[in-house]
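Peer 1: Here the sequence shown stands for residues 25 to 191, where the numbers follow my numbering. Each residue gets a CB set at the ideal place from its N, CA and C atoms; glycine is no exception. Since we're looking at a predicted model, the values are computed, not measured.
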Amino acid sequence: MPLTPHAAPDAPPPVAVEVMLLRHDPTEGFAYRRLITALDRGASPDGTARRLALLAEHDELHMAHSTSWRATRDGGIVLTYLVHPDPAADRPGIPLPDPHAIARSPRPGHPTPPDLEIGHVVAHAVRHLAFLEGTDPAVAAHLATRPDLVHALRCLPGATAGEVQYA
Numbered sequence: 025m026p027l028t029p030h031a032a033p034d035a036p037p038p039v040a041v042e043v044m045l046l047r048h049d050p051t052e053g054f055a056y057r058r059l060i061t062a063l064d065r066g067a068s069p070d071g072t073a074r075r076l077a078l079l080a081e082h083d084e085l086h087m088a089h090s091t092s093w094r095a096t097r098d099g100g101i102v103l104t105y106l107v108h109p110d111p112a113a114d115r116p117g118i119p120l121p122d123p124h125a126i127a128r129s130p131r132p133g134h135p136t137p138p139d140l141e142i143g144h145v146v147a148h149a150v151r152h153l154a155f156l157e158g159t160d161p162a163v164a165a166h167l168a169t170r171p172d173l174v175h176a177l178r179c180l181p182g183a184t185a186g187e188v189q190y191a
């Protein structure tokens, strides 16, 4: 396995924690803010995601859930978390135009889609949330007070990562 020019032979790859802070408006649809930071050696990825989102240790008003991971072009790893609701909803968000968008690789031996964008990662996280709404009692309870969001999630395919249904 070739090493990158800057990595020591025994150095682990750099790991980043990415947090997608989700919001939903019945008229406007889904929007998000993206925060990212390096994972410190010995730090918990869950704790890092919560701190990045400015969630207090005993905060039970927000849901934080790991939704995916991906490799970077330089050999690092990004761990993606979804946090709902966005604790700073007054800050500008980025609209998610199509939560159905799925990035795919055209080559079976090369699983990373060549056109993967952050919108694909967020769309995957939203579809993951749709799956959890129907399968995870804690997540369902969190979402139960938000009927517009639940309706929007139920309109999405609730497939887990990698489970794609073909027409």
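#1: With DSSP as the reference, identify every bridge partner of G53, one or two as the case may be.
#2: Three-state secondary structure (DSSP) at I126?
#3: From L63 to P36, what distance separates their C-alpha atoms?
#4: DSSP three-state label for T61, please.
#5: Would the beta-carbon of P50 fall within 8 Å of that of D172?
#6: Can you find at least 3 beta carbon pairs, one from the segment 92 to 102 and one from the segment 163 to 178, that sit closer than 8 Å?
#7: Note the first and the last residue of the continuous alpha helix (DSSP H) segment covering A88.
#8: What's the gap between the Cα of I126 and the Cα of L46?
#9: The alpha helix (DSSP H) spanning L106 covers which residue range?
#10: Name the residue from D70, E81, G71 and Y105 whose alpha carbon lies nearest to the alpha carbon of H148.
#11: May I have the straight-line CA-CA distance separating V43 from G133, to the nearest angstrom?
#12: Taking the alpha carbon of R65 as the reference point, which residue from T91, V41, L177 and T159 has its own alpha carbon closest?
#13: Our contact map puts L103 next to W93 with C-beta atoms below 8 Å; I'd like the distance itself, whole angstroms only.
Peer 2: On the basis of the data shown:
#1: D49
#2: The three-state reading of DSSP puts I126 in coil, since its state is none of H, G, I, E or B.
#3: Just so you know, the alpha carbons of L63 and P36 end up roughly 12 Å apart.
#4: strand
#5: yes
#6: no
#7: A88 -> not in any alpha helix (DSSP H); beta strand (DSSP E) instead, spanning M87 to A95.
#8: 18 Å
#9: Annotation for L106: no alpha helix (DSSP H) segment contains it, though the beta strand (DSSP E) segment containing it runs I101 to H108.
#10: The residue with the shortest Cα to Cα distance from H148 is Y105.
#11: 29 Å
#12: V41
#13: Taking C-beta atoms under 8 Å as the contact rule, L103 and W93 qualify, at a distance of about 5 Å.
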